[in-house]
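Heads up, the sequence shown is in full-length UniProt numbering, so the first residue is 1 and it goes up one at a time.
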Amino acid sequence: MAKTIEGGVAFATQIVQEKYEQGFKNICLRTNDIEAVKNKLQSEQVEVVGPIQMERDTHKDGKVKWQLLYIMNQDDDEIKPPFFIQWEESDSMRTKKLQKYFQKQFSIETVIVKSKNRSQTVSNWLKWFDMDIVEENDHYTDLILKK
């Protein structure tokens, strides 16, 4: 059991609480303004934890720093909310350091999230993000980020 709110939302804690199995766990969204994300969510009455300051030492690049922001999901929806990351380094610097690891043959064009409680999942995502419903029927709801 985690001793702090921050510890309760930490990735390692979630793995233990959910009895770790191999596979996809969560969605992480990168931002360049984590405080703006926090303020937007709070303006929608969404409870958040963070930003949490994080860092680690690497052998090659020295200290790497970032911030994390978590949505506290109070619903019974089994879909975990995405969390947000803001790197201290600029995108151009991170790209330069990580470019050799990029898999340029892959791209993500669509993300499909399946849920037992689709109406709650859709409601949450509309609340958390600035999205529009593109199409909806008895089997699925198609959302898109507003431009």
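Where is the CB? At the ideal position from N, CA and C, for every residue including glycine.
For residue i, report the span of its beta strand (DSSP E) as first-last.
i           : result
residue 85  : 83-87
residue 71  : 62-71
residue 110 : Looking at the DSSP string, residue 110 is not in any beta strand (DSSP E), and its letter there is neither H nor E.
For residue i, count the other beta carbons within 10 Å of its own beta carbon; 16 or more makes it buried, fewer makes it exposed. Which is it?
i           : result
residue 50  : buried
residue 145 : exposed
Is residue i near the ligand PLP, going by C-beta to nearest heavy atom under 7 Å?
i          : result
residue 26 : In terms of ligand content, the structure shown is empty, and the ligand PLP therefore cannot be addressed.
Rounded to a whole number of angstroms, what is the C-alpha to C-alpha distance between residue i and residue j?
i           : j           : result
residue 86  : residue 94  : 12 Å
residue 92  : residue 138 : 43 Å
residue 116 : residue 67  : 31 Å
residue 46  : residue 109 : 27 Å
residue 28  : residue 80  : 11 Å
Please go through the same chain and pick out, in chain order, the residues whose beta-carbon is closer than 7 Å to the beta-carbon of residue i, but skip the five residues on each side of it.
i          : result
residue 64 : 55, 56 and 58
Would you list the residues sitting across from residue i in a DSSP beta bridge?
i           : result
residue 53  : 67
residue 145 : 131
residue 118 : Paired residue(s): none; residue 118 is not in a bridge.
Take residue i and list the residues in its own chain whose beta-carbon comes closer than 6 Å to its own, dropping the five residues that flank it on each side.
i          : result
residue 31 : 37, 84 and 86
Could you pull out every residue in the same chain whose Cβ sits closer than 8 Å to the Cβ of residue i, ignoring the five residues on either side in sequence?
i          : result
residue 90 : none
What are the boundary residues of the alpha helix (DSSP H) that residue i is part of?
i          : result
residue 91 : 91-98
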